[in-house]
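Using my numbering, the letters of the sequence shown correspond one by one to residues 18 to 718. Notes for the one structure printed next.
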Amino acid sequence: MSLTSSLFTGTSGLKNLGNAMQVIGDNISNVNTVGFKGNRYTFADLLSQSVATQSGSAQVGRGMAMGSVDVSFIQGSFESTGNATDLSIGGDGFFVVRQDGTERNYYTRAGNFNFDKDGYLVNPEGYIVQGWLLDEETGDDIGSVSDILLRSFTSPPKATDEMSVITNLDATMNSLAEVLTNTWDGLAEDTQISANGYEYQTVVKVYDSLGSTHDLTVYYDKKEDNKWEYMVCCNPTEDMRNQVQETAGLGLLAQGTFTFNSNGSISDMTMSRFTGRIGNVRAPVATGINQEGITFNILNNDAIPSDGYNFGLQYNGATNSWNFADLDGDGNVDVPAAYNAGPPTATVLASDQSTVQIDLNDDGSMDLEIKFDTDAIDGDQILFDINDPVDIHVQRVLDLTYDRTAGNNGVEADNTTMRVPNPGAMLRSTAAGDDFQLNWDGAGNWTIANLPAAYNAATAYVDASATITGDKDSLSIDLNADGTVDIKFDFEESLSVTPGSITFGIQGSTAWETLTTDDVNTNGFYELEADFLGGGSDSTVMKIAFDAGTRYDGSDWINDSLSTTQYSRKSSTIYQAGNGYGAGDLQGVDVSADGEITGIYSNGQLIPLFRVALARFQNNQGLYKEGGNLYSETRDSGSAITNRPGENGLGNISPNSLEMSNVDIADEFVDMITTQRGFQANSKIVTTVDSMLSDVIQMKR
């Protein structure tokens, strides 16, 4: 008789239906828990008992047991919160968090995160969210997964290295200035340039490396029908370049031209940078010079301004100069006795590497500096190729004074000085295309070899700074600003002996550095230079690319869809901007679908900071619930596979929202009713079996 076993069968139903009710209660209690995943239960029968029947052996069940309790990882609904650090996952995956003070990672679907006082992104229990640090420039991941920690709440300033100035220049306008740069006066107290000196101007803001702002003004003036000149200037009080201080070139940065085609689009662009450094003043020897010489001297030759601005020559009223002539027709140039008696004294200026440049004056001294890569040794020769009759390179003047006696003590590398017994002969009597040698004998002496004499049909001479052709009454100066200046004087009639002066303006200055298409940067733009901080050795000089909407691609100028034009309408600025910025404070963050956390700063910058990491498992059902909406990996779940959101089967991030519990309350109530009825039915089994057992006991009476 199996009444007793029937009692235990009913008891198993009561016990396991009670467990089922516990699962239902847990689901219902977490119906509002962020990221909660509801549980699902299943039942299974117990091992059956064999019984004998007329038809043979049969089985009778022994009751039931809880088959499994599984977690339902179906997607929960999203709740909008307005908090940028509230994150939800649309799809598979878990957020990775680490308990502070340990190396153990946990996993969660609850994305209610915030930055704590130390800058860590944490959940309510203080577990630190994991992710990748991002490169602020490229946004690429750096290193391995680590704590998301804001180490700095400020954005450092960035110096401007590119400015865009897109304008339309009125094709109907006329030129207002013969040379635009000659209208600039950086020393003027009020206005550096007259409003009548240009046709149009626009201003763009740039930043230095400390985050201070500076206004660069671009002036435009028409030169020809399809050609415009431009000039880029800054406030003279902000120009800290050493070479331009106390000169009218203060604040002048660059100039150039735009050439337009018949469609009004740019076909060519040029640029010259104003460096303030003196370049070469070249005066070619002329033929047909009158025997009567005219001499011009450099104004204030003992203090020539290093910027090259307002470089001038002054007529001294004299009518004599050193002359070299073929007096007897034998093809040789005779040096006058007066010259042999004592060469004219000279100042020799420092130059580059092994180039010798000489400037002659009348102060009774001569200095020469030669630079070597290595120390000179016995037998060394230095060959000078004279391609131009006179080449004066002004860089810096040595203070040392030498006599006319040959010989010198040791010669060392770099700044090497030497005595030259007859300095005028070195440069005065060289002709274009000729060369000569200086030979070092190892004993401190130099000898000059292969020194050809230059002469022509008439008397040829070169004075202190320029070649003068006499017997004319007109003056022609070719100021091509290509790094050199060709100077030629022609006089229709004899000059009077009254002293006068000739002054070279900025355009004629040798302080311009003319750029070629070989000088464009990698983006195809010319670069101007500015210095607003005044650091030593040009350490604070900024290079700023000038984008006018056209770029050089290696063979031609290519215009962008938005570029500077010349149309018959009023000149206007279409677009202008600089890419630098000042310092800023963190005002908030934004999170993208791929988990990128971007800092929003008060200076308008959006800087990528971190990327949130997600993890997935081969078997989510194998995860172990740790409480606090956390899971930990087990042998059954497999190891975590970490990757970017949206990659390798992982879901995307939804910011400003939280994933709600996936518990369906209606389903839970239905399960509750069926569980209750099942429990009631199983309780009837117990009471019925109890009554039957009572009847069996009463049979003995």
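Beta carbons are placed, not taken as given, at the ideal position from N, Cα and C, and that holds for glycine.
Among the bridge pairs identified by DSSP, residue 605 is matched with 617.
For the 7 Å CB-CB criterion, residue 204 and residue 265 form a contact.
Secondary structure of residue 214 (DSSP, three-state): helix.
Within a 10 Å sphere around the beta-carbon of residue 713 sit fewer than 16 other beta-carbons, which makes this residue exposed.
Sequence-distant partners of residue 568 (beyond 5 residues in either direction) whose C-beta falls short of 8 Å from its own C-beta, in its chain, are 537, 540, 541, 542, 574, 575 and 577. The C-alpha of residue 225 is placed about 8 Å away from the C-alpha of residue 550. Here residue 702 is buried: its Cβ has 16 or more other Cβ atoms, across all protein chains shown, within 10 Å. In the DSSP assignment, residue 134 falls outside any alpha helix (DSSP H) and carries neither an H nor an E. Residue burial is scored here from C-beta neighbours: residue 212 has fewer than 16 other C-beta atoms within 10 angstroms and is therefore classed as exposed. Looking at the DSSP output, residue 624 bridges to 616. If you draw a straight line from the Cα of residue 146 to the Cα of residue 112, it comes to about 7 Å.
The three-state secondary structure of residue 694, taken from DSSP, is helix.
When only Cα atoms are considered, residue 279 and residue 239 end up about 15 Å apart. Residue state for residue 173 is assigned as coil, using DSSP reduced to three classes.
In this structure, the beta-carbon distance from residue 107 to residue 584 does not fall below 7 Å. Distance from the Cα of residue 165 is smallest, within the candidate group 102, 61 and 176, for 102. In the DSSP assignment, the residues bridged to residue 594 are 181. When secondary structure is reduced to three states using DSSP, residue 639 falls in the helix class. Counting along the chain, residue 32 sits inside the alpha helix (DSSP H) bounded by residues 20-46. In this structure the segment 659-678 does not touch the segment 131-139; the number of beta carbon pairs closer than 8 Å is below three. Counting only unbroken stretches of 3 or more residues, the beta strand (DSSP E) elements lying wholly within the segment 199-248 are 217-224 and 230-241, in sequence order.
The shortest C-alpha to C-alpha distance from residue 558 to any of 58, 150, 53 and 258 is the one to 258.
In the DSSP assignment, residue 76 falls within the unbroken beta strand (DSSP E) covering 73-77. CA-to-CA, the gap between residue 176 and residue 154 works out to about 14 Å. Cβ contact annotation for residue 83 (same chain, cutoff 7 Å, sequence separation greater than five): 33, 36, 58 and 60, in chain order. Three or more Cβ pairs closer than 8 Å define a contact, and the segment 160-174 meets that threshold against the segment 587-607. With contacts defined as CB atoms closer than 7 Å, residue 41 and residue 684 fail to qualify as a contacting pair. Counting along the chain, residue 560 sits inside the beta strand (DSSP E) bounded by residues 559-564.
By the Cβ neighbour-count rule, residue 141 is exposed, with fewer than 16 other Cβ atoms within 10 Å of its own. Leaving aside the five residues that flank residue 669 on each side, the residues in its chain whose CB is nearer than 6 Å to its CB run, in chain order, 107, 610, 662 and 663. Per DSSP, the continuous beta strand (DSSP E) segment holding residue 672 begins and ends at 669-672. A straight-line Cα-Cα distance of about 22 Å links residue 73 and residue 20. By the criterion of a C-beta distance shorter than 8 Å, residue 56 is surrounded in its chain by 40, 43, 44, 86, 87, 88 and 89, once the five residues flanking it on both sides are discounted. By the criterion of at least three beta-carbon pairs nearer than 8 Å, the segment 194-201 is not in contact with the segment 612-632. Excluding residues up to 5 positions away in sequence, 20 lie with their Cβ nearer than 6 Å to the Cβ of residue 709 in the same chain. For residue 277, the enclosing beta strand (DSSP E) starts and ends at 269-277.
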